[in-house]
Each structure stands twice: as structure tokens, then as C-alpha cells.
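A short worksheet on the structure shown next.
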């Protein structure tokens, strides 16, 4: 949502797909999770990623590139080594609402056009790895009886082991917790002028005001009518959907696992 709002503004753009984890992981593909460390940002890796950002900026003729690969929340220090002049928007949301949304993605049907849009950005040398992983993921969903993918979303350290003992709702909760806690912890090491924090709920309740503040943070000047047009489709309908959709047992189990993080960000 936030990515779409920002890229609807003049001078801002992004890739024509949802995420570019393929680009971020190039040079570190065999690493078992998405928690890439600073030492993995070797010169060749940094050069490759930065070149891809330059490519999209040139192709889209924009001054600011917006990037929202979810797995980057697990590796902010790595990202900052690659992009030391970047600014970060830390948008956090009620963990129950995130879980309800993530569960849908784990079981979503194949969207071939979406897959092809993302596949354009797989480095040629990495195609065998991702091709085999994609086939396995789909076979698992069709043959395991679970009707979900073998793996989806940001892969935190120890996630595969956790999947052997936790339900899907619990795994989604642990994903949310790992992403929020690790992102916030590493962002706190950066100067305040480079990090903007906002809750999802605050943003959707007053999207024009929050977008104006974000634009000031980024350092761009945008007219009110441009902000209004960019935020026209923002809605608060999804606030509270987790408590409406999740069963009582799932909510109880999630409270046991993620209550500390929920409390920290003002959710109950």
C-alpha cells in the first residue's frame, strides 16, 4: 500500500513487480535464510545491486527509487552497507492482522503473470537454484495435503525448524515478530534523520497527512492534489481483520508467542 502511494507521486518509481529478493540475494544465494549479514555485502555484491537500482531509475526516468522487499526487514545492516545514502520508512502493523493476511498468501493459487514479472529479475546464474526451489514449493502444495506452499515470505533464522513444531498461524506470527524486531533493532543504530516510523493504522486513518510528512522526510516537494490522488484508494477496512478472521485457538496461541512484541508496539 505505502509503496503504491509513494510511486504514484511525481519523480518516484520502482520495479514493475512486488519484490526483488532475487537481486538482493545475488552472490549469497546458498545462504539458508534471508538474514544476510554486513560481511556478505562484498564489493561485487554491492556493485551488482547498485547497478540494478541505477538501471531502474534510468529506465523509469525517476529521481527516487522506492523498494519494499519484505525480507529486507531481516537485514537492514546489510542493506545499509549496499545503500549507505538510503532513507528508511518503518511501517508496522497489528501482528494479528499481518498473520491473517500472510495465511492467505501461503495458500494463494498460482499467479503466472506475477511470477513472470518477478522472474525477469533473476540473475541468469541463479536461475537453476530458483527454478528448482519454485518447482519444489509448488509440488509440496499439491502433494502434501496441507494446501500451502513449503515456504513463503521472509525466511528468518531457524524458520524451517520452527515449521516442524508450529502451526501455520504461529509461523506467520513468528515471521512478523522476527521482521519487526530485527528491523527496529538495526534501524535504531542509524541516525534519526534517516528513519521514519509510522504505524499502519495511523497511516490509513490519515493518509494525506502522513504522506505529506513522509515526503518532507524524503526531501521532496509534492502538491496537495498530487498527494490526494495518490492516497485516494487507501482504506482502513483491513484494520482489525485478524481478530475477525482468526479462530480463538489461533489467537490464544499467537498471544503466547508474540505478546511481548505486540505490547511493545501498542497492540493488545
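In the numbering used here, the protein residues as written are 256 to 523.
Ideal Cβ placement from N, Cα and C applies to all residues, glycine included.
Remember, predicted model here, so these are calculated numbers, not experimental data.
Skipping 5 residues on each side, what residues in its chain have a beta carbon closer than 7 angstroms to that of residue i?
| i | result |
| --- | --- |
| residue 308 | 320 |
| residue 423 | 358, 361, 403 |
Does residue i come out as helix, strand or coil in the three-state DSSP assignment?
| i | result |
| --- | --- |
| residue 411 | coil |
| residue 328 | helix |
| residue 267 | strand |
| residue 320 | strand |
| residue 462 | helix |
| residue 403 | coil |
| residue 517 | helix |
| residue 469 | helix |
| residue 372 | helix |
| residue 340 | coil |
| residue 363 | coil |
| residue 474 | coil |
Taking its Cβ as the centre, do 16 or more other Cβ atoms sit within 10 Å of residue i, making it buried, or is it exposed?
| i | result |
| --- | --- |
| residue 281 | buried |
| residue 316 | exposed |
| residue 274 | buried |
| residue 503 | exposed |
| residue 507 | exposed |
Less than 8 angstroms between the CB atoms is what I'm expecting for residue i and residue j, so what's the real figure, rounded?
| i | j | result |
| --- | --- | --- |
| residue 496 | residue 355 | 5 angstroms |
| residue 258 | residue 296 | Wrong, their Cβ atoms sit about 23 angstroms apart, outside the cutoff. |
Starting from residue i and walking both ways along the alpha helix (DSSP H), at which residues does that stretch end?
| i | result |
| --- | --- |
| residue 344 | Note, residue 344: premise wrong, no alpha helix (DSSP H); beta strand (DSSP E) at 343 to 347. |
| residue 303 | 298 to 315 |
| residue 388 | 382 to 398 |
| residue 480 | 479 to 486 |
| residue 290 | No alpha helix (DSSP H) holds residue 290; DSSP gives it neither H nor E. |
| residue 502 | Here residue 502 belongs to no alpha helix (DSSP H), and DSSP marks it neither H nor E. |
For residue i, I'd like the list of residues in its chain whose CB is within less than 8 angstroms of its CB, leaving aside the five on either flank, ordered along the chain.
| i | result |
| --- | --- |
| residue 266 | 317, 318, 319, 475 |
| residue 369 | 272, 273 |
The beta strand (DSSP E) with residue i in it runs from where to where?
| i | result |
| --- | --- |
| residue 450 | 450 to 454 |
What does a CB cutoff of less than 6 angstroms around residue i pick up in its chain, not counting 5 residues either side in sequence?
| i | result |
| --- | --- |
| residue 470 | 477 |
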